[in-house]
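Protein chains in written order, with this note's numbering: chain A, 14 to 124; chain B, 45 to 156.
We put the CB at the ideal spot given by N, CA and C, even for glycine.
The structure under discussion appears below in the form of C-alpha cells.
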Amino acid sequence: EAAVTQSPRSKVAVTGGKVTLSCHQTNNHDYMYWYRQDTGHGLRLIHYSYVADSTEKGDIPDGYKASRPSQENFSLILELASLSQTAVYFCASRQGNTEVFFGKGTRLTVV
Amino acid sequence: SQWGEENLQALSIQEGEDVTMNCSYKTYTTVVQWYRQKSGKGPAQLILIRSNEREKRSGRLRATLDTSSQSSSLSITGTLATDTAVYFCAAMLSGSFNKLTFGAGTRLAVCP
Numbered sequence: 014e015a016a017v018t019q020s021p022r023s024k025v026a027v028t029g030g031k032v033t034l035s036c037h038q039t040n041n042h043d044y045m046y047w048y049r050q051d052t053g054h055g056l057r058l059i060h061y062s063y064v065a066d067s068t069e070k071g072d073i074p075d076g077y078k079a080s081r082p083s084q085e086n087f088s089l090i091l092e093l094a095s096l097s098q099t100a101v102y103f104c105a106s107r108q109g110n111t112e113v114f115f116g117k118g119t120r121l122t123v124v
Numbered sequence: 045s046q047w048g049e050e051n052l053q054a055l056s057i058q059e060g061e062d063v064t065m066n067c068s069y070k071t072y073t074t075v076v077q078w079y080r081q082k083s084g085k086g087p088a089q090l091i092l093i094r095s096n097e098r099e100k101r102s103g104r105l106r107a108t109l110d111t112s113s114q115s116s117s118l119s120i121t122g123t124l125a126t127d128t129a130v131y132f133c134a135a136m137l138s139g140s141f142n143k144l145t146f147g148a149g150t151r152l153a154v155c156p
C-alpha cells in the first residue's frame, strides 16, 4: 500500500514566523504535490514537483516555497506566516497517469 | 482557473436514490479522476478515466468523460448513508508537467 506521511499533523504558528511542513513518500513516485484546503472548499494547488531538486508553481504559489531535496521528500515552506494561510495542507504523490495518494493532512493555524 | 464551476455544490438525497455529479473543465486534459473526501480525511481516488475512454465503472460508481464538451460525470447508484462525503473531479493537464488540479467539488449528504 502506497504511503504518504505528513508532519506535523497539526501546528500553531505565530504571524510572521517561519513554518515548514514536511512530506515523505515511500512509493518511489516521481510526482509530488502540495495543496491547501480551506473549510468548505476544494483543494488548491500550491506547488508540485516531478523530479528531485526541481519544483513548479501551482495555482496559488504566493507566500509559499517548496523544496524537493530527494525523490522521497517534499517540503512546503512559509517564510512569513500570515493569518490567511490558516488551512489544512495536503501532500500527495503519483507515478505516471495513475492513482494519486494523499497524506492525512496538516492542520495549520496561524495566530 | 481550469474549471467551469467555481463554488462547492451541495446535494442532499435519501438513501437508495441514484445521484449524478458533474464537472466541466476548460483546458485539455488527458486524465480525469474522481475523488471522495470524508470529513477529516484526505481525498481518496474512486475512478480514473482517460481521454480515450467514454465510460468507466467500479461497483456502484460510473464515470463518464466527454472530451468534446470537456465534461465528466460521476454517478452513484443505490446510495448508502456511508456515501456521504465531498466528491471532487481532478484533471491532469497535458503539457504542464502533469499538473493535477481539482474542481470545487460536490458535498453529498445521503440521509438514511
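| query | If we count the other Cβ atoms within 10 Å of its Cβ and call it buried at 16 or more, is A:Tyr61 buried or exposed? | reply | For the purposes of this step, residue 61 of chain A is identified with residue 48 of the first sequence, where counting begins at 1. By the neighbour-count rule (16 or more Cβ atoms within 10 Å), A:Tyr61 is buried.
| query | When the Cα atoms are used, what is the spatial distance from A:Thr18 to A:Asn40? | reply | Residue mapping note: residue 18 of chain A aligns to position 5 of the first sequence, counting from 1. Residue mapping note: residue 40 of chain A aligns to position 27 of the first sequence, counting from 1. Cα to Cα, A:Thr18 sits roughly 11 Å from A:Asn40.
| Going along the chain, which residues of the stretch 127 to 154 of chain B sit with their C-beta nearer than 7 Å to a C-beta in chain A? | Phe132, Met136, Phe141, Asn142, Lys143, Leu144, Thr145, Phe146, Gly147, Ala148 and Gly149
| request: Find the nearest neighbour of B:Glu97 within the set B:Lys143, B:Leu144, B:Ala148 and B:Thr73, judged by alpha-carbon distance. | output: Position 53 of the second sequence, counted from the first residue, corresponds to residue 97 of chain B. Nearest C-alpha to B:Glu97: B:Thr73.
| query | At what residues does the beta strand (DSSP E) containing A:Tyr44 begin and finish? | reply | Here the question's residue 44 of chain A lines up with position 31 in the first sequence. Here the beta strand (DSSP E) through A:Tyr44 covers Tyr44 to Gln50.
| Would you say B:Ser74 faces chain A, with C-beta separation under 8 Å as the test? | Here residue 74 of chain B corresponds to residue number 30 of the second sequence, with the count starting at 1. Residue identity check: residue 74 of chain B is Thr in the sequence provided, not Ser. At least one chain A Cβ lies under 8 Å of B:Thr74.
| Are there 16 or more other CB atoms within 10 angstroms of the CB of A:Pro21, so buried, or fewer, so exposed? | Here residue 21 of chain A is taken as the residue at index 8 of the first sequence, counted from 1. So A:Pro21 ends up on the exposed side.
| Does any C-beta atom of chain A lie closer than 8 Å to the C-beta of B:Gln114? | The residue given as residue 114 of chain B occupies position 70 in the second sequence. Not an interface residue.
| field | Nearest neighbour of A:Gln84, chosen from A:Val27, A:Leu34, A:Asp43 and A:Tyr77 [CA to CA] | value | The count along the first sequence starts at 1 and reaches residue 84 of chain A at position 71. If we check each option's Cα against that of A:Gln84, A:Asp43 comes out closest.
| query | Pairing CB atoms from the stretch 72 to 84 of chain A with CB atoms from the stretch 105 to 115 of chain A, are three or more of them under 8 Å? | reply | no
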